[in-house]
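**Student:** Count along the sequence shown from 1, then add 3; that gives the number in my numbering.
Built from N, CA and C at the ideal position, the CB exists for glycine as well.
Structure incoming, see below.
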Amino acid sequence: VPSLAVVMTVSPASGYVPRTVLTYTGTFTNSGTSSAFNLTLLDPIPTHTDVRIGSATANLGTSGLTLSAISYFNGNTSTWGYTPGGGGATGDYDRLVTQVKFSFSGSLGNSSPNNTASFSLRIGIELVMVNLAASARKY
4 VPSLAVVMTV SPASGYVPRT VLTYTGTFTN SGTSSAFNLT LLDPIPTHTD
54 VRIGSATANL GTSGLTLSAI SYFNGNTSTW GYTPGGGGAT GDYDRLVTQV
104 KFSFSGSLGN SSPNNTASFS LRIGIELVMV NLAASARKY
């Protein structure tokens, strides 16, 4: 039976301020007793962040997997298939993406080095405007 674990990391690990570009990496490993086939992994996007268009990638190494599709969800529809293209953000970013789906075909073995692969995605922290009037002191 396959047994998958996903470890998510973010770089940089601290110092999050608006407009910081973060790289999220999900490393997945099969430590089960048999190979895993045709995997689908979902990566939810944190609020107040913008997905970098074209930044979703996979590092499959010797796993035996092939990245067959990357799909986007914007939360405003009930189906996958949103095409990032700005969505209220500036430059090469999209603010409307709420999840990214990585679909893999082939097999992920259950022994090293063929049992580990990863995916990554870059996001930017949104510049949130503060309503100064609401926080003004009353004298």
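In angstroms, rounded to a whole number, what distance separates the CA positions of GLY91 and THR52?
**Tutor:** 11 Å
**Student:** With burial defined as no fewer than 16 other Cβ atoms inside 10 Å of the residue's Cβ, what is the status of ALA8: buried or exposed?
**Tutor:** exposed
**Student:** According to the neighbour-count rule (16 or more other Cβ atoms, all chains shown, within 10 Å of its Cβ), is THR68 buried or exposed?
**Tutor:** In the sequence as presented, Thr is not what sits at residue 68; that position holds Leu. So LEU68 counts as buried.
**Student:** Suppose contacts are defined by Cβ-Cβ distances below 7 Å. Is SER123 in contact with THR26 by that definition?
**Tutor:** Going by C-beta atoms, SER123 is nearer than 7 Å to THR26.
**Student:** Taking ILE128 as the reference, which of THR30, THR36, ILE48 has the closest Cα?
**Tutor:** It is ILE48.
**Student:** Where do the N-terminal and C-terminal ends of the beta strand (DSSP E) with ALA72 fall, by residue?
**Tutor:** First-last of the beta strand (DSSP E) with ALA72: 68–76.
**Student:** So for GLY29, helix, strand or coil by DSSP?
**Tutor:** strand
**Student:** Taking the straight line between their C-alpha atoms, what separation do you get for LEU130 and THR23?
**Tutor:** 9 Å
**Student:** Check whether the Cβ atoms of SER143 and SER17 sit closer than 7 Å, and answer yes or no.
**Tutor:** As displayed, the chain neither begins before 4 nor continues past 142, which places residue 143 out of reach and without an answer.
**Student:** Just tell me which of ILE126, LEU42, SER34, VAL4 has its CA closest to the CA of SER71.
**Tutor:** LEU42
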